[in-house]
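A.B. asks: Add 32 to a position in the sequence shown, counting from 1, and you land on the number used in the working numbering.
C-beta: ideal position from N, C-alpha, C; glycine also.
Please read these numbers as outputs of a predicted model, since none were measured by experiment.
Below you will find the structure I want to go over with you.
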Amino acid sequence: MGKSAMGKSGIGKTLAISFLASGAPEAEAARAKLVARYGNVDPERADVIVALGGDGLMLQTLHRTMDAPKPIYGMNRGSVGFLMNEYAEQDLPTRLAAALPSIIHPLLMRARDAKGRETSARAINEVSLYRQTFQACKLSVIVDDAVRLAELVADGVLVSTPAGSTAYNHSAGGPIVPIGVRLMALTPISAFRPRRWRGALLSDRARVTIEVREAEKRPVAAVGDHLEIRDVVRVDVETDHATALTLLHDPGQPLEERVMREQFGA
């Protein structure tokens, strides 16, 4: 389908839209109305994807399109909707053309389990390691081949992107990282030793390695967004700069502004 003059988002007002819904009744009803009004194409043929649901659907959509990214504009038909825009049926092509893009890079996780099997996955929010039993983890934290913590005793540890820093990372006491800042947050989960260690901010060019000590006695699971690998012995995490994902938000509500407001409790 031909495109008209381009807006700030890089998207014209004449475009092919793919509407995806979370499956919740409210989201499915909204999708039916929008498809009747604007038409619908498969995600692979779309100029832009409109996701109808909550933040969970946004993450699912980002993962679904990660190998061939498309701009994604979310409209909240869920609960929290931190990553979503307000829902409205009118003037959608105009809103899409005026939307402001935010580029985010996922994390690349490489996990090796006790049987020597290796699993790779990308995570948009965070990669987390946590204890599988009543006993705390014993972990070594290595950054760019230098041992920074020979022993961390904790419920776990996580590495977060700026986009994910307002989620599990912040709940665990980690810092909120502004979008566009080339950093990762490394945050312990209920650290026991060193008791006063609260984490670190690292360059997004760093490679973080977490090695599990006493893995048989103190088993550990690794999670990259929604993918869990149990009984891991080593996890490597780095930013995947080769993958660029585009989120679209209405003027006045860019992702950068939302993250800023979170820092002030707004």
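Using the Cα positions of Asn117 and Tyr162, report the straight-line distance between them to the nearest angstrom.
C.D. replies: Asn117 and Tyr162: Cα-Cα distance of roughly 33 Å.
A.B. asks: What runs of the beta strand (DSSP E), each 3 residues or longer, lie entirely inside the region 93 to 149?
C.D. replies: Runs of the beta strand (DSSP E) inside the region 93 to 149: 104 to 108, 132 to 136, 139 to 145.
A.B. asks: According to DSSP, which residues form a beta bridge with Met216?
C.D. replies: DSSP lists Leu234 as partners of Met216.
A.B. asks: Given a threshold of 16 other Cβ atoms within 10 Å of its Cβ, counted over all protein chains shown, does Glu3 qualify as buried or as exposed?
C.D. replies: Because the chain in this structure spans residues 33 to 298, residue 3 falls outside the shown range and cannot be described.
A.B. asks: Consider the Cβ of Glu60: report whether some Cβ of chain D lies at a distance smaller than 8 Å.
C.D. replies: Here chain D cannot be found, since the structure has a single protein chain.
A.B. asks: Ends of the beta strand (DSSP E) at Arg262?
C.D. replies: No beta strand (DSSP E) holds Arg262; DSSP gives it neither H nor E.
A.B. asks: Assuming Met292 and Pro207 form a contact by the criterion Cβ under 8 Å, report the distance between their Cβ atoms to the nearest whole angstrom.
C.D. replies: Incorrect: roughly 13 Å between the Cβ atoms, too far for contact.
A.B. asks: With H, G and I counted as helix, E and B as strand and the rest as coil, what does DSSP make of Leu47?
C.D. replies: Three-state DSSP puts Leu47 in coil, outside helix and strand.
A.B. asks: Looking at the structure shown, is Gly88 part of a helix, part of a strand, or coil, going by DSSP?
C.D. replies: Helix.
A.B. asks: Buried or exposed: Ala217, going by 16 or more other Cβ atoms within 10 Å of its Cβ?
C.D. replies: Buried, by the Cβ-count rule.
A.B. asks: If you check the beta carbons only, do Val265 and Val244 fall under 8 Å apart?
C.D. replies: A contact, by the Cβ cut-off of 8 Å.
A.B. asks: Using a Cβ-Cβ cutoff of less than 7 Å, which residues in the same chain neighbour Glu289 once the five nearest sequence positions on both sides are dropped?
C.D. replies: Here the set comprises nothing.
A.B. asks: Could you check where the beta strand (DSSP E) with Lys170 kicks off and where it finishes?
C.D. replies: Segment 169 to 175, the beta strand (DSSP E) holding Lys170.
A.B. asks: CB-CB under 7 Å to Gln295, same chain, minus the five flanking residues each way: which ones, in chain order?
C.D. replies: Cβ neighbours of Gln295 beyond the five flanking positions: Ile208.
A.B. asks: Give the C-beta separation of Asp187 and Ile221 to the nearest angstrom, bearing in mind that I take them to be a contact with Cβ-Cβ under 8 Å.
C.D. replies: About 4 Å; that satisfies the 8 Å criterion.
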